[in-house]
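Taken in order, these protein sequences are the chains called A and B. In terms of our numbering, the first sequence opens at residue 94 and continues consecutively. In terms of our numbering, the second sequence opens at residue 291 and continues consecutively. Positions of the beta carbon are idealized from the N, C-alpha and C atoms, including for glycine.
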Amino acid sequence: DAGVIQSPRHEVTEMGQEVTLRCKPISGHNSLFWYRQTMMRGLELLIYFNNNVPIDDSGMPEDRFSAKMPNASFSTLKIQPSEPRDSAVYFCASSLRNEQYFGPGTRLTVT
Amino acid sequence: DQQVKQNSPSLSVQEGRISILNCDYTNSMFDYFLWYKKYPAEGPTFLISISSIKDKNEDGRFTVFLNKSAKHLSLHIVPSQPGDSAVYFCAAASEDDKVIFGPGTSLSVIP
Numbered sequence: 094d095a096g097v098i099q100s101p102r103h104e105v106t107e108m109g110q111e112v113t114l115r116c117k118p119i120s121g122h123n124s125l126f127w128y129r130q131t132m133m134r135g136l137e138l139l140i141y142f143n144n145n146v147p148i149d150d151s152g153m154p155e156d157r158f159s160a161k162m163p164n165a166s167f168s169t170l171k172i173q174p175s176e177p178r179d180s181a182v183y184f185c186a187s188s189l190r191n192e193q194y195f196g197p198g199t200r201l202t203v204t
Numbered sequence: 291d292q293q294v295k296q297n298s299p300s301l302s303v304q305e306g307r308i309s310i311l312n313c314d315y316t317n318s319m320f321d322y323f324l325w326y327k328k329y330p331a332e333g334p335t336f337l338i339s340i341s342s343i344k345d346k347n348e349d350g351r352f353t354v355f356l357n358k359s360a361k362h363l364s365l366h367i368v369p370s371q372p373g374d375s376a377v378y379f380c381a382a383a384s385e386d387d388k389v390i391f392g393p394g395t396s397l398s399v400i401p
């Protein structure tokens with residue numbers, strides 16, 4: 094298995110633009126998580142899905158952030174409009190039980 | 291309010307010595323605990339875990355200890371090697387599969 098796949102690996106965009114981050118979980122895993130890592134807050138859970146259904150989105154910072162999981166093999170995290178304070182590394186992870194497997198992350202820079 | 295705390299942002303240890311990374315949690319509903327290791331520009335990788343019914347779990351050079359009454363766990367690495375230099379995240383999981391991460395401790399093993 095290729096592991097959790099995220100794209101793009103790097104994204105640089107201007108303030109106000111829409112950003113879409115993509116994730117392909119490990120086949121057979123039933124839970125998917127989106128995290129944001131910053132120097133100030135460490136690794137923050139934004140949202141997680143179980144069997145493609147959003148279970149807890151309390152970590153989503155505000156309405157500019159949205160996430161979807163249309164099927165078991167794909168998820169997106171969208172930021173619209175983006176702001177400079179959204180600059181961070183965004184990780185996707187999937188799991189079957191408790192151990193999560195992380196993707197390599199997407200480094201987002203909003204200028 | 292942080293549910294999982296790692297009060298030492300960084301730690302330096304001499305090669306060959308023991309590294310002890312500490313973690314405290316506040317939520318008594320957590321029943322499974324994990325340690326992840328993260329190298330720069332990579333996603334976190336699972337290292338070792340422990341169920342709340344145990345007080346110790348060992349895997350090679352890595353041992354995790356759990357003190358439920360104190361809501362405290364620690365990761366021991368012995369002997370420490372330069373390749374162990376990384377950020378270590380403590381994480382706690384509850385029955386709903388939600389995993390909360392601590393802010394991380396950056397370990398430097400000095401040759």
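- Item | Nearest-angstrom Cα separation, counted from A186/A out to K171/A | Pairing K171/A with A186/A, the inter-Cα distance amounts to about 16 Å.
- Query: What is the C-beta distance between L311/B and K327/B, in whole angstroms, given that I count them as a contact (C-beta under 8 Å)?
  - Reply: So it is not a contact: roughly 10 Å between Cβ atoms.
- Could you please give the first and the last residue of the uninterrupted beta strand (DSSP E) stretch that includes Y329/B? It is not in any beta strand (DSSP E) - Y329/B carries neither H nor E in the DSSP assignment.
- Which residues, in order along the segment 387-401 of chain B, keep a beta-carbon less than 9 Å from a beta-carbon of chain A? D387, K388, V389, I390, F391, G392, P393 and G394
- Query: Looking only at its own chain, which residues have a Cβ that is under 8 Å from the Cβ of M108/A, when we skip the five neighbours before and after it?
  - Reply: Around M108/A: P174, S175, E176, P177, V203 and T204.
- Message: Please report the straight-line C-alpha distance between G362/B and S302/B, rounded to a whole angstrom.
- Response: Sequence inspection shows His at residue 362/B; the Gly mentioned does not correspond to that position. Roughly 21 Å between the two C-alpha positions.
- Going by C-alpha distance, which of F320/B, Y329/B, V368/B and S364/B is nearest S298/B? S364/B
- Query: Whose CA, out of V399/B, F379/B, E385/B and S398/B, lies closest to the CA of F391/B?
  - Reply: Taking F391/B as reference, the option from V399/B, F379/B, E385/B and S398/B with the minimal CA-CA separation is F379/B.
- Query: Do the CB positions of F142/A and S124/A come within less than 8 Å of each other?
  - Reply: yes
- Ordered along the chain, which non-local residues of its own chain (more than five positions away) have a Cβ less than 6 Å from that of G306/B? P369
- With distances taken between CB atoms, is the gap from K117/A to I98/A smaller than 8 Å? yes
- Candidates R102/A, K161/A and I119/A: closest to A181/A by CA position: Nearest to A181/A by C-alpha distance, out of R102/A, K161/A and I119/A, is R102/A.
- What residue from L397/B, G394/B, K388/B and P401/B has the CA that sits closest to W127/A's CA? K388/B
- Query: Just the Cα atoms here: how many angstroms apart are V399/B and S300/B?
  - Reply: 11 Å
- Task: Measure the alpha-carbon distance for G121/A versus A382/B and round it to whole angstroms.
- Result: 23 Å
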